[in-house]
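Protein chains: 2
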Amino acid sequence: MSENQSGEPDGPVTFINVFEIPSAQVEAFVAGWRERARLMSTAPGFRDAELHQAVSAETRFQLVNVAHWESRQAWEAATANPDFQDAIRTISADPQQQVRPNTGLYRTAARVD
Amino acid sequence: MSENQSGEPDGPVTFINVFEIPSAQVEAFVAGWRERARLMSTAPGFRDAELHQAVSAETRFQLVNVAHWESRQAWEAATANPDFQDAIRTISADPQQQVRPNTGLYRTAARVD
Chain A
1 MSENQSGEPD GPVTFINVFE IPSAQVEAFV AGWRERARLM STAPGFRDAE LHQAVSAETR
61 FQLVNVAHWE SRQAWEAATA NPDFQDAIRT ISADPQQQVR PNTGLYRTAA RVD
Chain B
1001 MSENQSGEPD GPVTFINVFE IPSAQVEAFV AGWRERARLM STAPGFRDAE LHQAVSAETR
1061 FQLVNVAHWE SRQAWEAATA NPDFQDAIRT ISADPQQQVR PNTGLYRTAA RVD
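Chains as they are written, first to last, in the working numbering: chain A, 1 to 113; chain B, 1001 to 1113.
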């Protein structure tokens, strides 16, 4: 595995967003997420994104997005896109949506098939 | 899609566990997780499990497990296994590990490839 200028390993990364959101707001949020995901999917290095919805309304985190990118650099370039930034600002400014995102970039620590 | 006796749809489910864990404890935890995942992987209906580790120590959730199962019934049967229950109790009883798991069963709300 090669390294980039910052000394970090290159290679695929997983972006995960764990949402804290009232279960009653999930449906409306999913529609907007789909639009933003379509926008992201046109960016170089995008692989796939899947929004997981909890089966039970009692689950602490009702929505979890798991997205795969070819590299950290590709993900950073895509999130810097002004259209995507506008879309994110629109959600943050909507008083009807009490959504708290918890984002992070991840690598695989262990895997069993 | 068929329904089971409780009226819920059958079909694949994703089990997600969002861990709150001090970053200094991650390495030791991953080793134990690998053992438990191997145990689960022998159960009927198991597809795969991947433990994601945050690239940054500042990320709120340092570890996220995403596992795929053929059905909710298969996942429930596997977690009821006494060997697995013993393994879970061992972590909970270890005063060296301050791990808070947040588990949930999920279905796909939206996906973009």
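C-beta: ideal position from N, C-alpha, C; glycine also.
| said: I want to see whether chain A comes within less than 9 Å of B:Asp1010, judged by CB atoms only; does it? | reply: For this step, residue 1010 of chain B is matched to residue 10 along the second sequence. Not one chain A Cβ lies under 9 Å of B:Asp1010.
| request: Compile a chain-ordered list of the residues in the stretch 1052-1070 of chain B whose CB is closer than 8 Å to at least one CB of chain A. | output: His1052, Gln1053, Ala1054, Val1055, Ser1056, Thr1059, Arg1060, Phe1061, Leu1063, Val1064 and Val1066
| request: Please work out which residues of its chain come closer than 6 Å, Cβ to Cβ, to B:Asn1102, disregarding the five sequence neighbours upstream and downstream, and give them in chain order. | output: Taking the first residue of the second sequence as 1, we reach residue 1102 of chain B at position 102. Excluding sequence neighbours, B:Asn1102 sits near Val1018.
| query | Can you find a CB in chain B that lies within less than 9 Å of the CB of A:Asp113? | reply | Residue numbering aside, residue 113 of chain A sits at position 113 when the first sequence is read from its first letter. A:Asp113 counts as touching chain B.
| What is the rounded straight-line gap between the Cα of B:Tyr954 and the Cα of B:Asp1010? | As shown, chain B starts at 1001 and ends at 1113. That puts residue 954 of chain B outside it, with no answer to give.
| query | Using a beta-carbon distance cut-off of less than 9 Å, what residues from the stretch 33-53 of chain A approach chain B? | reply | Trp33, Arg34, Ala37, Arg38, Met40, Ser41, Phe46, Arg47, Asp48, Ala49, Glu50, Leu51, His52 and Gln53
| A:Glu50 classed as buried or exposed, judged by whether at least 16 other C-beta atoms fall within 10 angstroms | Looking up residue 50 of chain A in the first sequence gives position 50. By the 10 Å Cβ count, A:Glu50 comes out buried.
| said: Could you tell me the alpha carbon to alpha carbon distance between A:Thr42 and B:Ala1080, rounded to whole angstroms? | reply: For the purposes of this step, residue 42 of chain A is taken as residue 42 along the first sequence, with counting starting at 1. For the purposes of this step, residue 1080 of chain B is taken as residue 80 along the second sequence, with counting starting at 1. About 43 Å.
| field | Within-9 Å CB hit, B:Ile1091 to chain A | value | Your numbering for residue 1091 of chain B matches position 91 in the second sequence. Judged by the 9 Å Cβ criterion, B:Ile1091 is not in contact with chain A.
| Is there at least one Cβ from chain D nearer than 9 Å to B:Asn1081's Cβ? | You won't find chain D in this structure, because its protein chains are A and B.
| field | Validate contact between the stretch 1065-1083 of chain B and the stretch 33-48 of chain A using beta carbons, cut 8 Å, 3 pairs | value | no
| field | Helix, strand or coil at A:Arg100 [DSSP, three-state] | value | For the purposes of this step, residue 100 of chain A is identified with residue 100 of the first sequence, where counting begins at 1. Correct three-state label for A:Arg100: strand.
| request: Please state whether DSSP places B:Asp1048 in a helix, a strand or coil. | output: Here residue 1048 of chain B refers to the residue found at position 48 when the second sequence is read from its first residue. Three-state DSSP puts B:Asp1048 in a strand.
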